[in-house]
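Working notes, structure below.
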Amino acid sequence: MEQRILQIVLDTPLDRTFDYRWRRQGDEALPQIGQLAIVPFGRREVAGLIIGLAEQTEVPDGKLKDVLAVRSQLAPLPPQWLALCGFAADYYQRPLGEVALPGLPKNLRTLTTTALDRALKKLAKLDAGHDGNPVNTPQLKPEQQEAVDAIADARGFAPLLLYGVTGSGKTEVYLQAAARILAQHEAAGEVAQVLVLVPEINLTPQLESNIRARFPGVHVVSLHSGLAEGERTLSWLAAHQGQARIVLGTRLAILSSLPHLKLIVIDEEHDPSYKQQEGLRYSARDLAVWRAHQLAIPVVLGSATPSLETWQHAQAGRYRKLQLRERAVRDAVLPKVKMIDMERDRPNDGLTSTLVAALKLRLERGEQSLLFLNRRGYAPVLNCDACGWISNCMRCTSFMVLHKPERRLRCHHCSLELYIPKACPTCGNVDLQPLGRGTQRVEEGLQAMFPEARILRIDADSTRLKGSAQNAFDSVHRGEVDILIGTQMVAKGHDFKRLTLVGVMNPDTALFSHDYRASERLFAQLMQVAGRAGRAGQKEGGSPSEVLIQSRYPHHPLYGAVAAHDYDGFATQLLEERQQAALPPFLYQALLRAEAAELDVALAFLQDAATCLEHPGITINDPIPMTMTRVANVERAQLLIECPSRPALQAFLRDWMEVLRQTKTRAKWSLEVDPVDI
1 MEQRILQIVL DTPLDRTFDY RWRRQGDEAL PQIGQLAIVP FGRREVAGLI
51 IGLAEQTEVP DGKLKDVLAV RSQLAPLPPQ WLALCGFAAD YYQRPLGEVA
101 LPGLPKNLRT LTTTALDRAL KKLAKLDAGH DGNPVNTPQL KPEQQEAVDA
151 IADARGFAPL LLYGVTGSGK TEVYLQAAAR ILAQHEAAGE VAQVLVLVPE
201 INLTPQLESN IRARFPGVHV VSLHSGLAEG ERTLSWLAAH QGQARIVLGT
251 RLAILSSLPH LKLIVIDEEH DPSYKQQEGL RYSARDLAVW RAHQLAIPVV
301 LGSATPSLET WQHAQAGRYR KLQLRERAVR DAVLPKVKMI DMERDRPNDG
351 LTSTLVAALK LRLERGEQSL LFLNRRGYAP VLNCDACGWI SNCMRCTSFM
401 VLHKPERRLR CHHCSLELYI PKACPTCGNV DLQPLGRGTQ RVEEGLQAMF
451 PEARILRIDA DSTRLKGSAQ NAFDSVHRGE VDILIGTQMV AKGHDFKRLT
501 LVGVMNPDTA LFSHDYRASE RLFAQLMQVA GRAGRAGQKE GGSPSEVLIQ
551 SRYPHHPLYG AVAAHDYDGF ATQLLEERQQ AALPPFLYQA LLRAEAAELD
601 VALAFLQDAA TCLEHPGITI NDPIPMTMTR VANVERAQLL IECPSRPALQ
651 AFLRDWMEVL RQTKTRAKWS LEVDPVDI
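In full-length UniProt numbering, the protein residues as written are 1 to 678.
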């Protein structure tokens, strides 16, 4: 009986391959690199990825286990995809199996052979054709046409920054560039695929609807964690087999198998959601640029407020900048931004008289308003005036947020929920008061202030059920909402045609954050939410679009830049400050985190890690507790590593990880390269 040794990687922290014996059954084909195999591992049966074939092994024959099955009906994962996973594993210092396997749909690893055959047969019935004729293609403005031409005519690796004001028609550029590239390859008798990344799941339905309407003859799929497992499996298979010509997805889609990929688009490229914050802490934006370089194809990074890393690349000439200076819709101009000084116009129920008057005017004219408050719940904390008790979480170093409609106190970090106490747990005082305002409290105040208005709140609490977010946004688009209250969920990507007023509440806290990225994020957030207003142009007799920002520091330079819509000046100033302070993007960082039941254990591990290896040219800072030190009764600490050279940092991290993996400790630890939250 013919046999081979299969070298397989598994989803395990062990950074190594595992040898298994494959025996030919009947006329079974020889396994190939890139195929999945089901193998015994301990007491479990798990899926692994074949990365090598051999005639012999050093594993003793008595310990060598047999492969249970090979997914031979599934085409092998292409070498380019294996190289992408290999790069991610090397750069982010993780075992290859921990990178490659979690990126695959769970069903591919757990389905029986019969069930997988059924899925493939179902997919085979779907039309994978491309008629090459997108419908309802609007006329482009000259700047948009120049951008489309630059993307479609690019040869080889071409990183392009599509820098356009909000409402400038970046999506239309994406669609027409994709149409050109698909048509070019179809004319040459080739299959082409386009990958479009968006930062959040709630942005996919509107964009997917636009893509399907524009390309009725193209197989379009979505890939994100909100899909049912069966649906995600079919979408992944369609992409892997080349049937899906346009793939729309969130960050996990960058690790999908796309054997005919010819264009990558990263919409809202500045968004921190592109950075995975658990497990493999990868940046989908950075991997997208690497993948485009690997395949020698164009990659488009679109944003009205590019990340400083991307902006620096464009300023240095490494990325080509394509600029859209005007809004795409005729007569649509950028909204006028006004600051409201809360020291002079003191708020009542969180709203100043100026903002209330503006809301009333829009109601009278039948126009929509948006109130942006990036704080969900009713109030950030419940307080006892008599003794000073506050609603601290007993498991985290944070407050429990008051959720009045649900009659609960809820920790947004560990999800602990408690009933609202009828009296103070410390002194028995029954007069407990909420401090501060969240979206629920603002909604309550507006309902009392404008009882005739149709008010809708969109945040993580109101959109917990599947499909609820899309239903909420659909009602806004249909004009069934007068005042929309929302968190960052409503701040980007949505095209609200009737919205002419944006009110921003409580943005000041970010001005004094310890996080050096806070001002960059606040500026982007304000510019993005401001861009929701006036996108359809001013109607005759209607209100000019405006943005009202309530602040106790109205003369802060950041607000001045927002009011002037001056991203260029703001970014230039921030880059100068970062360079002087030796901070990214002029410095490269890695963060070692440790968790333990006792803080001393975590800190002791980090202290040992800081001294276990000589490090010329590497700065290793002192270990410190994390800002949120305790989460779910786990104590957390961190150690920051810095270096002005990326290759030198990577070389150090490779050697360091080998040492740390041999270290015995009670702490659970992980490494993040290019951290975004420090």
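Glycine included, each C-beta is placed from N, C-alpha and C at the ideal position.
- In this structure, residue 100 sits near residue 82, with a CB-CB distance shorter than 9 Å.
- Counting the other CB atoms within 10 Å of its CB gives residue 65 a total below 16, which places it among the exposed residues.
- Within the DSSP bridge table, the entry for residue 669 names 594 as partners.
- Residues of the same chain with a CB within less than 6 Å of the CB of residue 176, apart from the 5 flanking positions on each side, are 148 in chain order.
- Residue 246 is classed as buried because its beta carbon has at least 16 other beta carbons within 10 Å across all chains shown.
- The beta carbon of residue 605 sits closer than 7 Å to those of 594, 665, 667, 669, all from its chain and outside the five residues before and after it, given in chain order.
- Between the segment 159-169 and the segment 134-151 there are three or more C-beta pairs closer than 8 Å, enough to call the two in contact.
- In the pairwise beta carbon analysis, the segment 230-237 is classified as not touching the segment 149-166: fewer than three pairs are separated by under 8 Å.
- In its chain, beyond the 5 residues on either side, 487, 488 have a beta carbon closer than 6 Å to the beta carbon of residue 374.
- Going by DSSP, residue 625 is part of the beta strand (DSSP E) stretching over 624-631.
- The residue from 650, 610, 501, 468 with its alpha-carbon nearest to that of residue 660 is 610.
- A contact between stretches requires three or more CB pairs, one per stretch, nearer than 8 Å, and the segment 543-557 fails this requirement with the segment 289-304.
- Between the segment 188-198 and the segment 253-261 there are three or more C-beta pairs closer than 8 Å, enough to call the two in contact.
- Judged by their CB atoms, residue 324 and residue 173 are nearer to each other than the 9 Å cut-off.
- Under DSSP, residue 20 forms a beta bridge with 6.
- Just so you know, the alpha carbons of residue 501 and residue 511 end up roughly 24 Å apart.
- Assignment of residue 232 by DSSP, reduced to helix, strand and coil, places it in the helix class.
- By the beta-carbon neighbour count (other beta carbons within 10 angstroms, threshold 16), residue 63 is exposed.
- The Cβ-Cβ distance between residue 211 and residue 264 does not fall below 9 Å.
- About 14 Å separates the beta carbon of residue 138 from that of residue 215, a gap too long to meet the 8 Å contact definition.
- In the DSSP annotation of this structure, the continuous segment of the alpha helix (DSSP H) that includes residue 186 starts and ends at 170-187.
- Look at residue 71 here: in three-state DSSP terms it is coil, with no helix or strand label.
- Runs of the alpha helix (DSSP H) spanning 4 or more residues and lying entirely within the segment 555-614 occur at 557-563, 567-581, 599-611, in chain order.
- Spatial neighbours of residue 359 in its own chain (CB-CB distance under 6 Å, excluding positions within 5 residues in sequence) are listed in chain order as 369.
- In the three-state reduction of the DSSP assignment, residue 321 falls in the strand class, which pools E and B.
- Residue 208 and residue 200 have their alpha carbons spaced roughly 13 Å apart.
- Apart from sequence neighbours up to five positions away, the residues of its chain that approach residue 632 with a beta-carbon distance below 6 Å are 395, 414, ordered along the chain.
- For residue 205, the enclosing alpha helix (DSSP H) covers residues 204-214.
- Apart from sequence neighbours up to five positions away, the residues of its chain that approach residue 327 with a beta-carbon distance below 6 Å are 167, 168, ordered along the chain.
- Counting of Cβ neighbours within 10 angstroms places residue 20 among the buried residues, the total reaching 16 or more.
- Between residue 624 and residue 591, the CB-CB gap reaches or exceeds 9 Å.
- In terms of Cβ geometry, residue 454 and residue 483 form a close pair [threshold 9 Å].
- Cβ atoms of residue 588 and residue 649 come within 8 Å of each other, at about 5 Å.
- The Cβ neighbour count for residue 11, taken over all protein chains shown within 10 Å, is at least 16; the residue is labelled buried.
- By the CB criterion at 9 Å, residue 301 and residue 285 fall inside the cutoff.
- Going by C-alpha positions, residue 602 is about 10 Å away from residue 639.
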